[in-house]
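Numbering (my numbering), first residue to last: 909 to 1057.
Here you go:
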């Protein structure tokens, strides 16, 4: 199967995954960057499971983007704190709460609840252990409970 066929085969599900990790406005850019990186990597010709590899590349690209965004947000937060800004209860909703999870936690939540995958399938998809997936999911639930209560 050539690269274009691989992309067409998995594009829809990868776009949903990217949307869960980066939000609807960042999904296309995230996916484009990740796929471009995957297809141009030296490892790509030897990849046997293209689907799992692409999921991992999207996850790692989302983490890279998130780190960059976090640095920017910390600068903005320091500026807002200097102006005595306090968020109101209406500022916190499910989407905002989900964005406050780590990228890995969002990946696990998406694959578990939206893609309806078992912990073993999630672990295989993101190249992790089942125990790590369970820990990330538990941490995400605790964090969401705190943010939404």
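Glycine included, each C-beta is placed from N, C-alpha and C at the ideal position. Small disclaimer: the values here were computed from a predicted structure and weren't measured.
Reference residue i, options the options, closest by Cα
| i | options | result |
| --- | --- | --- |
| residue 1054 | 981, 1038 and 1009 | 1009 |
| residue 1061 | 911, 1042, 1019 and 1038 | The structure shown does not extend to residue 1061, since the chain spans only 909 to 1057, so no value can be given for it. |
| residue 920 | 1003, 943 and 1026 | 943 |
| residue 1011 | 1048, 946 and 1038 | 1048 |
| residue 940 | 965, 1040 and 951 | 965 |
| residue 1025 | 925, 935, 909 and 972 | 925 |
| residue 932 | 1007, 1044 and 1057 | 1007 |
Coarse secondary structure for residue i, derived from DSSP in three states
| i | result |
| --- | --- |
| residue 851 | In this structure the chain extends from 909 to 1057, so residue 851 is not present and cannot be described. |
| residue 920 | helix |
| residue 983 | helix |
| residue 1019 | helix |
| residue 936 | helix |
| residue 959 | helix |
| residue 1014 | helix |
| residue 1050 | helix |
| residue 1033 | helix |
| residue 972 | helix |
| residue 931 | coil |
| residue 951 | coil |
| residue 1055 | helix |
| residue 858 | With the chain running from 909 to 1057 in the structure shown, residue 858 is simply not present. |
*Cβ contact (3+ pairs, closer than 8 Å) linking the segment 1019-1038 and the segment 953-963*: yes
*Looking at C-beta atoms only, is the number of pairs between the segment 975-985 and the segment 945-958 that lie closer than 8 Å three or more?*
no
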